[in-house]
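Chemist: I have a structure I would like to understand better, so I am pasting it below and will then ask my questions one at a time.
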Ligand code: PEP
């Protein structure tokens with residue numbers, strides 16, 4: 014299975030940020046790692062990113078989509094629109110969307126199916142809060158999220174992102190990552206790529222990416238700078 018390193022720029026990035034893509038392109042050309050690379054910028058930069066990444070290994074994606082193809086949904090963007098703009102992947106169910114927009118599993122599943130309908134690959138995020146982990150409920154919470162959020166058929170990627178590890182510098186132990194990825198693998202086919210996300214950096218990527226059933230990473234903060242993002246990709250030596 015080809016592994017995937019996906020960058021989530023979140024609500025960061027103006028046109029000048031595309032300079033980082035120019036830099037990433039030259040770093041990747043020099044290193045030639047056998048890994049898929051994805052960047053999910055804010056939607057305003059998607060089409061420009063597609064142009065900037067043309068002819069390179071960098072694929073482009075989006076951070077969310079609406080479940081419907083079109084309609085009276087002010088401010089929303091459909092999967093079909095993102096696909097037409099050049100997105101090949103869509104992140105759905107990120108914990109920031111689950112928290113900020115009260116997105117529940119049933120909606121995450123509908124969005125994942127919308128991405129598939131539009132010919133894109135959904136990256137479905139799951140993960141427990143700190144409180145849930147401390148109370149020994151992490152596996153139950155993630156199992157329930159999987160049951161509620163995964164599409165009934167078709168291809169998808171799953172990202173395990175403990176909420177308490179996102180943007181905090183905190184990372185679960187390698188044993189805890191292995192345990193959770195083993196649980197997720199038990200609920201998904203062998204060909205489904207399982208990403209770990211939460212404070213992945215060049216300094217910890219080498220260890221995390223070697224854990225059993227970790228088939229890549231979903232990277233937030235460290236994807237904004239080409240050197241850091243490339244440092245994570247470079248862990249595949
Ligand atoms: C994320 O936003 O998906 C993420 C994992 O963020 P960070 O890498 O900054 O923790």
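In our numbering, the protein residues as written are 14 to 250.
Where a beta carbon is used, it is the ideal one built from N, C-alpha and C, also for glycine.
These numbers were taken from a predicted model, which means no experiment stands behind them.
1. Look up residue 240 in the DSSP assignment and say whether it is helix, strand or coil.
2. Beta-carbon separation of residue 224 and residue 209 under 9 Å?
3. Ligand 1 and residue 238: does any heavy atom of the ligand fall closer than 8 Å to the residue's C-beta?
4. Based on the DSSP secondary-structure assignment, which residues constitute the bridge partners of residue 79?
5. Determine whether the beta carbon atoms of residue 160 and residue 124 lie at a separation below 9 Å.
6. Could you check the C-alpha separation between residue 49 and residue 247 for me, to the nearest Å?
7. Verify the contact flag: residue 107, CB atom, against every heavy atom of ligand 1, threshold strictly below 8 Å.
8. Could you tell me the boundaries of the alpha helix (DSSP H) in which residue 215 lies?
9. What is the DSSP secondary structure of residue 180, counted as helix, strand or coil?
10. Measure the CB-CB distance between residue 72 and residue 51 and report whether it falls below 9 Å.
Modeler: The relevant details are as follows:
1. Reduced to three states, the DSSP call for residue 240 is helix.
2. Residue 224 is a Cβ neighbour of residue 209, given a cutoff of 9 Å.
3. No, since every heavy atom of ligand 1 falls outside the 8 Å radius drawn around the Cβ of residue 238.
4. As a beta-bridge residue in DSSP terms, residue 79 pairs with 91.
5. Result no, Cβ atoms of residue 160 and residue 124 do not sit closer than 9 Å.
6. Approximately 12 Å, taken between the alpha carbons.
7. Judged by the Cβ position, residue 107 qualifies as a neighbour of ligand 1 at the 8 Å threshold, a heavy atom of the ligand being closer than this.
8. In this chain, the alpha helix (DSSP H) harbouring residue 215 covers 215-221.
9. For residue 180, the three-state secondary structure derived from DSSP is coil.
10. The answer is yes: Cβ separation under 9 Å.
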